Structures are given as structure tokens and as C-alpha cells.
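Protein chains in written order, with this note's numbering: chain A, 1 to 249; chain B, 250 to 559.
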């Protein structure tokens with residue numbers, strides 16, 4: 001059984017976000033980029049399934065600019081077998097990404113797609129669900145535990161009130177939540193090996209996908225800053241402030 | 250054109266998040282229709298008809314919506330969506346699971362986590378964990394919006410009830426089956442709707458400490474209990490306690506952060522609270538930069554002392 005894992009190149013999660021002065025977006029020039037953390041969890045899960053003998057091949061796919069090949073190499077260093085780059089300089093929004101991934105699924109025929117529940121740049125939380133819709137597959141979002149057996153996936157999901165367990169028929173799309181696993185660090189030998197793994201490059205036109213953005217960003221601004229308040233000296237003063245100044249208790 | 254709002258409910262009444270989503274819908278022009286889909290949900294349909302701004306309730310009562318799975322619901326909503334200019338859900342776990350599936354079936358984009366309505370096609374939403382706010386314009390004929398509920402006031406009950414129209418169910422696709430639910434039972438208010446939240450972090454050291462120190466405090470304040478990701482990852486409390494970028498987004502009147510350092514992911518989930526109090530022994534903890542009232546102290550002394558003093 002083949003698993004496809006979409007991975008996105010995003011601003012590294014440790015980097016401070018700076019909004020451009022002209023309000024056109026977030027400044028990414030010379031900023032450290034890396035794989036979206038939720039996608040790393042997805043790659044790790046796929047690789048663990050392969051190590052457990054459930055999965056035969058793990059294919060990482062990234063849609064984006066040429067340097068997105070870097071996150072494919074990272075995925076291959078974690079243990080993905082090969083990479084596919086769908087190269088485009090366009091602003092790829094979730095629906096476009098889902099359409100590109102659907103086209104790749106049509107070519108590759110995976111039984112399972114595992115992707116991050118959201119990317120930490122646009123925080124959209126859409127692509128996995130959209131891909132499942134376009135493929136007509138079942139979906140199990142926000143997964144914290146995945147078990148595959150007998151043509152079905154049993155997935156524990158993190159929902160608002162607690163946890164929910166779904167049995168989904170394969171093929172399916174699973175999106176990862178934080179507590180699904182802790183991704184391993186890629187070792188140097190594996191990073192070296194990853195450089196020799198196959199990486200194919202496709203493009204949206206070749207896949208017959210129109211990636212024109214449906215959402216136009218008019219401006220991007222910094223949110224109003226919350227100013228720091230005061231330090232109180234003890235519990236008594238805190239209580240006094242909450243009662244008489246803030247009037248919240 | 251009218252606006253379709255997909256209600257979240259427990260078959261009897263609407264979830265609080267739906268009322269805030271109604272608040273967002275009222276910023277748009279057009280009649281608001283509320284879809285109540287479920288199995289045995291007639292009471293929830295009647296409840297929905299009572300709220301301000303609701304022009305009509307669409308009641309779809311069928312077994313395939315009992316578990317509220319996205320696959321069957323999305324097929325139902327896809328059929329309805331073409332009659333509407335906007336389709337709204339609360340940006341809850343259920344709404345996030347469902348709406349992108351509907352939008353993709355319709356071949357249109359979705360705007361996630363809307364915090365502001367500028368016009369019929371232009372919306373404000375946070376990106377990069379709330380470190381930036383983007384104003385986006387949708388060029389699709391139907392706008393699919395998930396609503397960040399803390400950004401909109403909940404609507405109240407109207408004087409008269411709207412009509413409830415029963416609609417035909419969509420297909421049972423049989424793609425997915427619910428095996429079980431492990432829901433946290435609590436007498437405390439729901440995190441998303443609570444006026445006061447007492448939230449604990451790694452500084453508490455263990456689940457036992459979390460319960461011993463924070464539960465009495467929350468009881469005294471009638472507060473909901475929350476936690477940082479660090480506390481959830483460490484197993485102190487279940488996942489549904491998590492406040493933050495990928496957990497719950499809250500904006501209570503009072504947010505009391507105990508032993509929480511204030512990682513950016515956590516701040517993203519609570520910085521719109523009206524009053525923030527931080528108790529932490531580390532004076533350099535980033536939480537103090539957003540707190541209205543900070544107390545640099547050992548939480549194991551300060552929190553019980555606060556409980557005592559209340």
C-alpha cells in the first residue's frame with residue numbers, strides 16, 4: 001500500500017513574523033524556512049507505518065516554488081522513499097493545492113494520504129478536507145492515533161469535547177494533530193541518503209490544473225498590540241485590582 | 250441572496266458557538282437560514298427558530314447525520330449551497346472538519362477563521378498564529394466562511410419564532426463509521442463560552458498538582474479550566490483543555506494564566522481576553538508582556554492564597 005504525504009515549505013516556526021511596511025504581506029526575504037510542523041508529523045506517521053510493514057512506499061509531495069525541493073529532501077531524510085515537486089511560483093491557495101494533489105493522487109494511486117491539519121503560515125486548515133472531497137474519499141481530521149488494518153483506518157480524533165474514534169474505509173485522507181507522534185530528527189547519514197533518492201518535478205499545466213487564486217489579499221497588517229499592564233506585589237493587591245479596577249470578579 | 254448557517258447542536262439546543270456565528274451572519278445582508286441536520290434533532294430545530302435574525306430553519310432529520318460526519322453532511326450542504334450567497338459555520342472542530350469539504354465540492358474557496366466582515370465579499374482573518382491580520386476578497390459566487398466565534402457577539406432570543414421547514418436528506422455514503430466518543434464530562438462552563446477561565450501550564454509540574462491547585466480556584470470563580478499545549482503534551486489534562494493556535498481560541502472577561510510561560514502559540518489563543526492575569530515565578534516569562542496584572546510568585550503559594558481570599 002502506497003501513502004502520499006503532502007509537505008509545505010513555510011516560515012520556520014521559531015522565526016518572528018514581520019509584516020511588510022507596505023501592507024502587502026509578511027516579509028519572507030532571507031527568512032529561515034522549513035517544513036510545516038504538522039507535515040513533519042504526517043511524514044513521521046507514514047514512515048512508522050512503513051517500518052511496521054503496513055505500508056510499502058511513502059511518497060512526499062510539495063507544491064510551490066523550486067526551493068520547496070528542500071522540504072522534500074527533509075521528508076526523504078525522515079524516511080520518505082521519493083519526492084514529487086509540483087513547481088509553481090503562483091500563490092497556491094488551499095483549493096489549488098488540493099486540486100494539484102488530487103491530480104498527483106490520480107497518477108500515483110495511493111491508498112492513503114496523510115497531511116498536516118493546517119500550515120502555520122496561512123492557518124487555513126482546509127487542504128486535507130478539500131482533497132478528500134475532490135477524491136470522493138472519507139476523511140479523518142485532527143488525528144491523534146492511527147491504526148490501519150483490513151482495508152480500513154481506525155483514527156482517534158481530537159474534537160472540541162474530547163476524543164472521537166472513527167473507522168474510515170480506505171482510500172482516505174487523514175490530517176494530523178499535534179499529539180499523533182513526535183517526529184524523529186533526521187540523522188546525518190539519512191540526510192546524505194536522501195540526496196540520492198528520486199525527486200520528480202511536475203507543473204500545474206502538465207497536471208491540467210488551474211491554480212488561479214480565488215482569494216485576493218488586499219492588505220496585511222499587524223494586529224493591535226496588547227500593552228503590558230502592571231505587576232502587583234501580592235495576592236491581596238491582585239484581588240483588589242480585579243474587584244475594583246477591572247471589575248471582573 | 251440569503252445566507253446559510255450550519256448549526257452545531259446536541260439535538261436539543263444550539264451550541265453557543267452557533268449563536269456567535271449568527272452574530273457574524275447579521276453583519277451581512279440577506280435573510281439568514283439555519284440548517285439543523287441530525288437524527289432526532291427536531292427540538293434543536295425549534296430552538297434555532299427562536300433566535301434573533303433567523304428567517305427560516307431548515308430541519309433535516311435523518312439517521313445519516315446522527316454522528317455529524319463530514320462526508321454525508323457535505324453532500325447535503327453542497328445541494329443547498331447554490332441557493333445562497335454565503336455559507337457560514339463556527340470555526341470549531343466540527344465546522345473546520347466540514348466546511349472545506351463543502352467548498353471543494355462546489356469548486357470554491359473558503360475563508361477560514363473570519364474575525365471581521367468588511368463587506369459582502371471582503372473579510373479579515375488572522376494568519377501566522379494571529380501575528381498578522383489579512384484582509385481578503387473572495388471572487389467566488391458563494392462565500393464559504395468559518396467564523397472565529399470570539400470575534401462576534403452572540404445573538405439573543407427574538408420575540409417571535411421563525412418557520413421551521415423540513416427538508417429531504419441527502420445520501421448515506423457509507424464512507425465512515427463512528428466507533429466511539431470519549432468526551433470530557435464536566436460541571437464547569439464550556440471553555441469557548443466561559444466568562445472566566447483558569448488555565449494552567451507546565452509550571453504545575455503534574456496532573457495531580459493541576460487538579461489540586463486549579464480546580465478549587467476554578468470552583469470559587471465559577472470558571473472553566475484550560476491549559477497550555479505544554480501541559481496537555483505532558484499529559485496533565487486532556488486535549489480539549491488546550492488553548493492556543495491549534496487548540497481552542499478563547500476571549501473571556503478574565504483569563505487567569507497560572508504557570509504558563511506564554512509561548513506565541515498559546516498567546517494566539519487567548520490574547521483577545523478582556524483582562525489577563527499571569528501568575529508565574531519567572532519575571533521574564535513572555536506572558537507578562539500581555540498580562541494586565543502580573544504576579545511574580547510561586548504559583549503553589551499564590552494560587553491557593555487567591556482561592557482562600559476569594
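A virtual CB, placed ideally from N, CA and C, is assigned to each residue, including glycine. Predicted model, so just to flag it, every value in this text is computed and none were measured.
I need the straight-line Cα distance from residue i to residue j, nearest angstrom please.
i, j, result
"residue 111 (chain A)", "residue 170 (chain A)", "6 Å"
"residue 424 (chain B)", "residue 128 (chain A)", "16 Å"
"residue 508 (chain B)", "residue 450 (chain B)", "5 Å"
"residue 435 (chain B)", "residue 517 (chain B)", "25 Å"
"residue 573 (chain B)", "residue 174 (chain A)", "Since the first residue shown for chain B is 250 and the last is 559, residue 573 (chain B) is missing from the structure and cannot be characterised."
"residue 244 (chain A)", "residue 138 (chain A)", "54 Å"
"residue 299 (chain B)", "residue 409 (chain B)", "7 Å"
"residue 22 (chain A)", "residue 7 (chain A)", "30 Å"
"residue 66 (chain A)", "residue 274 (chain B)", "41 Å"
"residue 236 (chain A)", "residue 120 (chain A)", "41 Å"
"residue 375 (chain B)", "residue 50 (chain A)", "37 Å"
"residue 309 (chain B)", "residue 400 (chain B)", "29 Å"
"residue 526 (chain B)", "residue 16 (chain A)", "24 Å"
"residue 205 (chain A)", "residue 188 (chain A)", "36 Å"
"residue 378 (chain B)", "residue 494 (chain B)", "6 Å"
"residue 319 (chain B)", "residue 454 (chain B)", "38 Å"
"residue 505 (chain B)", "residue 448 (chain B)", "6 Å"
"residue 18 (chain A)", "residue 522 (chain B)", "23 Å"
"residue 9 (chain A)", "residue 552 (chain B)", "42 Å"
"residue 542 (chain B)", "residue 487 (chain B)", "28 Å"
"residue 484 (chain B)", "residue 468 (chain B)", "22 Å"
"residue 480 (chain B)", "residue 118 (chain A)", "21 Å"
"residue 511 (chain B)", "residue 500 (chain B)", "16 Å"
"residue 513 (chain B)", "residue 381 (chain B)", "13 Å"
"residue 145 (chain A)", "residue 407 (chain B)", "44 Å"
"residue 186 (chain A)", "residue 476 (chain B)", "31 Å"
In this structure, does DSSP put residue i in helix, strand or coil?
i, result
"residue 68 (chain A)", "helix"
"residue 292 (chain B)", "helix"
"residue 256 (chain A)", "For chain A, the structure presents residues 1 to 249; residue 256 (chain A) sits outside this window and is missing."
"residue 201 (chain A)", "strand"
"residue 489 (chain B)", "helix"
"residue 94 (chain A)", "helix"
"residue 240 (chain A)", "helix"
"residue 11 (chain A)", "strand"
"residue 108 (chain A)", "helix"
"residue 577 (chain B)", "Because chain B in this structure spans residues 250 to 559, residue 577 (chain B) falls outside the shown range and cannot be described."
"residue 283 (chain B)", "strand"
"residue 439 (chain B)", "coil"
"residue 495 (chain B)", "coil"
With a CB to CB cut of under 8 Å and the five nearest residues on each side skipped, what residues in its chain are close to residue i?
i, result
"residue 339 (chain B)", "257, 264, 266, 267, 269, 270, 395, 396, 398"
"residue 414 (chain B)", "305, 306, 307, 308"
Which residues in chain A sit within 8 Å of residue i, going by Cβ to Cβ distance?
i, result
"residue 487 (chain B)", "162, 163"
"residue 555 (chain B)", "235, 238, 239"
"residue 537 (chain B)", "228, 231"
Excluding the 5 residues preceding and the 5 following residue i in the sequence, name in chain order all residues of the same chain whose CB lies nearer than 6 Å to its CB.
i, result
"residue 147 (chain A)", "154"
"residue 532 (chain B)", "545"
"residue 351 (chain B)", "323, 326, 327"
"residue 405 (chain B)", "301"
Sorted by chain position, which residues of the same chain lie with C-beta nearer than 7 Å to residue i's C-beta, five sequence neighbours on each side aside?
i, result
"residue 442 (chain B)", "265"
"residue 314 (chain B)", "286, 287, 288, 321, 322"
"residue 403 (chain B)", "265, 268, 269, 272"
"residue 251 (chain A)", "A query on residue 251 (chain A) cannot be resolved here, the shown segment of chain A reaching from 1 to 249 and no further."
"residue 92 (chain A)", "63, 64, 211"
Name, please, each residue of chain A whose Cβ falls closer than 9 Å to the Cβ of residue i.
i, result
"residue 425 (chain B)", "138, 139, 140, 166, 167, 168, 169, 172"
"residue 333 (chain B)", "Near residue 333 (chain B) there are no residues of chain A at all, since even the closest Cβ is about 17 Å away, more than 9 Å."
"residue 503 (chain B)", "242, 246, 248, 249"
"residue 466 (chain B)", "Within 9 Å Cβ-Cβ: nothing; residue 466 (chain B) doesn't reach chain A, min ~11 Å."
Can you tell me the Cβ-Cβ gap for residue i and residue j, rounded? I've got them flagged as a contact below 8 Å.
i, j, result
"residue 40 (chain A)", "residue 183 (chain A)", "4 Å"
"residue 104 (chain A)", "residue 84 (chain A)", "6 Å"
"residue 90 (chain A)", "residue 220 (chain A)", "Contact flag wrong, Cβ pair sits at about 18 Å."
"residue 438 (chain B)", "residue 473 (chain B)", "5 Å"
"residue 524 (chain B)", "residue 246 (chain A)", "5 Å"
"residue 95 (chain A)", "residue 130 (chain A)", "6 Å"
"residue 177 (chain A)", "residue 143 (chain A)", "6 Å"
"residue 141 (chain A)", "residue 429 (chain B)", "Their Cβ separation, rounded to whole angstroms, is 17 Å, which puts residue 141 (chain A) and residue 429 (chain B) out of contact at 8 Å."
"residue 76 (chain A)", "residue 197 (chain A)", "5 Å"
"residue 489 (chain B)", "residue 161 (chain A)", "6 Å"
Anything in chain B within Cβ reach of residue i, meaning under 8 Å, just list it in chain order.
i, result
"residue 258 (chain A)", "Residue 258 (chain A) lies beyond the residue range present for chain A, which begins at 1 and ends at 249; the question has no answer from this structure."
"residue 158 (chain A)", "342, 488, 489"
"residue 144 (chain A)", "488"
Determine the chain A residues that contact residue i at a beta-carbon separation under 7 Å, and present them in chain order.
i, result
"residue 388 (chain B)", "214, 216"
"residue 346 (chain B)", "129, 141"
"residue 270 (chain B)", "Within 7 Å Cβ-Cβ: nothing; residue 270 (chain B) doesn't reach chain A, min ~14 Å."
Run through chain B and tell me which residues come within less than 7 Å of residue i, C-beta to C-beta.
i, result
"residue 132 (chain A)", "350"
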